[in-house]
Structure formats: C-alpha cells, structure tokens
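Student: Please see the structure below; I have some questions.
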Amino acid sequence: MEIKEKILIIGNTGFIGSWLTIFISINPNKLIYGVSIDNGNSILQKIIKRKNLIKKQYFFDAQNFERLNNTINKIKPDMIYQLAASPLVEDGIKNPYKTLKNNITITLNVLEIFVKLKNCRKIINFSSDKCYEPTKRLIKEDFNLGGKEPYSLSKAASEMIIKSYKNDIIKNKKVLINIRAGNVIGGGDINYNRIIPDLNFRIFSNKRNIILTNPNSSRPWLFIYDLLKILIKLHKRKFNDGIHDFNIGSNNNTKVVELVKKYIKYNHINIKIKKSNIKKFENENILLDCRKLKKIIKSKFIPLKHALISIYQWEYNYKYNRKELYNFTINEIKKFNLKKKNH
C-alpha cells in the first residue's frame, strides 16, 4: 500500500491557498492539512468543504507559536506551503502595526518550527514581488530588498528573517524555496480592491463602469493555473540544502488599463472605463527577471487572452451554474494540461 504524502498549507483558506488545495487534491496520494485564522475565501472554500478535500482543518492565528508548534508536530507533514500573511497594500497603509507584526511574526514562527522538524525537509514560502526596493530596472533575485509602504517593508523584513536562518537550514539539511510572485489572477478572488475581482464584482452586479486609480501601472500578471503548475514542479524537484529564491512572473506584463480593456473585449462585456484623480500608493511598474526559474523549470505560460476568458467563465459559472462549478474547475485544470500522471 502506497504511503500518502502529508502536505500542510498554512494560510490555506486564502485565494492562492484555496486554489492550491483544489489542485493538490486531484492526486489521491496526497493528504492535505490546513492552518488558517478563518474561513477566508468563502467562494472557493465552499467547494473545498463540500467535496471534503481537506483531511484536517485547524483554525487559529499562526502568530500563536505554541499552538502552531503543537499542531505541526502533531501532523508531522512531509511538505509545507507557507502562505499565511496580511496580503493587501491598502490594509498595511491603514494599519501598519498589524501588517508588520503579522507578517514578521508568522515568518519567524514557521521557520523556528520548520528547522527542528524531523520528517519535513522542504518548505515553499510565499513572499512577494513587492519585497524589492522600487526600481524601473528588470529585477533579479539579488536586488536590494525594501519598499515604500508597510506591506512591502513587512515582506522585506520577513525575507531578512529567512536569511538569518540560513545556517540552521543548511545544518539541519533542509530546503527553503522562497518565491516572489507577480500579481496572481484567477477565478474566485474576493479581494475587491484588486483589479480583476473589482471588475468581476461590477460586471455581475450590473454596474455601468469601473474606476481605475492607477491605470498606467504595469504588472507581471500571473494566471493562477500557471502558478500552480510551477509550484508542483518546485515541490517535486530535488534541491541542495539551503535557501533558493525565485521570481515568478509571466510574459503578461501589461498596464492595468490595457488588462481591463482586454478583459472587456475578450468576454464581450458592456462596461465603461473611468479614471480616478486619486491614485493608490503603490509601485507604478514592476518588471521581474525570471531567468533563474526558467533555467531549472520549463513552463509554457497560458496566453493572457485564454487566461482572461477562463477567469470570466469561472465567475459566470459561480453566478449562474454553481452546482457544476467544481466539475467546471476540474475540467479547466485538465484543459490547461495541469494534471500529469506523476503529480
């Protein structure tokens, strides 16, 4: 009888964590455990709960070291994904103390526990492309860390904590894969201060327009299915002991206004674009150099047009054909060739 791999996702009820749960659950030889502060992304979590995709769910704040330590040692995971964080720039500006404390403390807790675990050799940690100091240059993994607002600074600080554990990680023969991903887009995102969720909310609420606060900001938009494909490959790949940093972007670096125009065009939507005089406090342009990742992983990105059509269809099915949403999701995963025999 084949032994099932135990996978722990910390922050599993967020947008990316929920999608990761659904994708990993396709493989019957995986047991998924989740730790999260609350039910998070209710749209995707309803699917996960209805289909019983989680072996065991724990709800508590990962800032609680004792409880997190006891829970992880009870699970004895073979692999950990760390996604728990305060993820929004605007929330950080409104409440810098909460964002900084949350993101720094959770990183510290997870690392302290991870280096002492006996059964678990590898962890994939989610950082952000916003951990770098603002620059107009193409950003490589060895660029300076920093930021101009609390969220970015919290991610830079978290990365410094990771670096401080380098000797312990190597001494204990561990692997930490640290990913700095671009703006991830996909169906089921309910963070409405992000452009695609806001656009979907307005479309399916029959609003007549969408207001863009930073229309000329450019981002390396990363389709959720592309991210999942890369994560699984990183999960399976053998690495030398130590810390491995990777930028994860795509070929879809596009201005916000152009992204919205394409979404409207490809999905034949009748909604007008308006520009706000008030700009959000964020980096205008982020250009990621992803050649380091491409050297070890061959991955063909899904064209932006197909990604935007898929996102709209997912949201349409959620609105009008909810009973079939899980089947639609699995079919989409198969259509985009994510499900491999050796996953």
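Okay, so the sequence shown: first residue is 256 according to the numbering used here, each after it adds one. For glycine and all other residues, C-beta sits at the position ideal for the given N, C-alpha and C.
(1) How far does the alpha helix (DSSP H) with Q300 in it reach, from first residue to last?
(2) State the start and end residues of the unbroken alpha helix (DSSP H) segment that holds L482.
(3) Counting beta carbon pairs with one atom in the region 460-469 and one in the region 416-434, are three or more of them shorter than 8 Å?
(4) For G289, list the residues DSSP reports as bridge partners.
(5) DSSP beta-bridge partners for H561?
(6) List, from N- to C-terminal side, the beta strand (DSSP E) runs of 3 residues or more that fit wholly inside the region 340-383.
(7) Excluding the 5 residues flanking L548 on each side, which residues of the same chain have their C-beta closer than 7 Å to its C-beta?
(8) Based on DSSP bridge pairs, tell me the residues matched to D496.
(9) For G269, which three-state DSSP category applies?
(10) Please classify P475: does DSSP put it in a helix, a strand, or coil?
(11) CB F478 to CB A340, shorter than 8 Å?
(12) Which class does K329 belong to by DSSP, given the choice of helix, strand or coil?
(13) With 16 as the cutoff for other CB atoms within 10 Å, does K421 come out buried or exposed?
(14) In this structure, how does DSSP classify Y336 when only helix, strand and coil are distinguished?
(15) Let me know if K578 comes out buried or exposed under the rule of 16 or more other beta-carbons within 10 Å of its beta-carbon.
(16) Have a look at N284 and K385 and give me their C-alpha separation to the nearest angstrom.
(17) Tell me, to the nearest whole angstrom, how far the beta carbon of I302 is from that of I330; I am working on the premise that it is less than 8 Å.
(18) Using the C-alpha atoms, what's the distance from G266 back to G295?
(19) Got a sec, what are the start and stop residues for the alpha helix (DSSP H) K385 sits in?
(20) Look up F501 in the DSSP assignment and say whether it is helix, strand or coil.
(21) Residues in the same chain with beta-carbon distance under 8 Å from I271, minus the five sequence neighbours each way, listed in chain order, please.
(22) Please state whether DSSP places K595 in a helix, a strand or coil.
(23) Just to confirm, is the Cβ distance from K493 to S554 under 8 Å?
(24) Take H499 and list the residues in its own chain whose beta-carbon comes closer than 8 Å to its own, dropping the five residues that flank it on each side.
(25) For D397, count neighbouring C-beta atoms within 10 Å of its own C-beta (all shown protein chains included) and say buried if the count is 16 or more, exposed if not.
(26) So is the beta-carbon of F270 under 7 Å away from any non-hydrogen atom of the ligand HEM?
(27) What do you get for K596, buried or exposed, if any count of 16 or more other CB atoms within 10 angstroms of its CB means buried?
(28) With DSSP collapsed to three states, give me the class of I528.
(29) Are I458 and P452 touching if we call contact CB-CB under 8 Å?
(30) Let's see if you can read the secondary structure: which residues bound the alpha helix (DSSP H) around K410?
Tutor: Inspection of the coordinates gives the following:
(1) 297-305
(2) 479-491
(3) no
(4) I264, Q312
(5) DSSP, once it has assigned bridges, lists no residue as partnering H561.
(6) 377-381
(7) F501, N502, I503
(8) DSSP output for D496 lists no bridge partner at all.
(9) coil
(10) strand
(11) no
(12) helix
(13) exposed
(14) strand
(15) exposed
(16) 35 Å
(17) Rounded, the Cβ-Cβ distance is 23 Å, inconsistent with contact.
(18) 9 Å
(19) Per DSSP, K385 belongs to no alpha helix (DSSP H) and is neither H nor E.
(20) strand
(21) L338, F381, V439, I479, L482
(22) Bear in mind that the predicted position of K595 carries a pLDDT of just 47, short of 50, making it too unreliable to give a figure here.
(23) no
(24) V430, L431, I432, N433
(25) exposed
(26) Absent from the structure shown: the ligand HEM. Ligands present: none.
(27) A caution first: K596 carries a pLDDT of 41, below 50, which makes its placement in the model too unreliable to give a value.
(28) strand
(29) no
(30) 405-419
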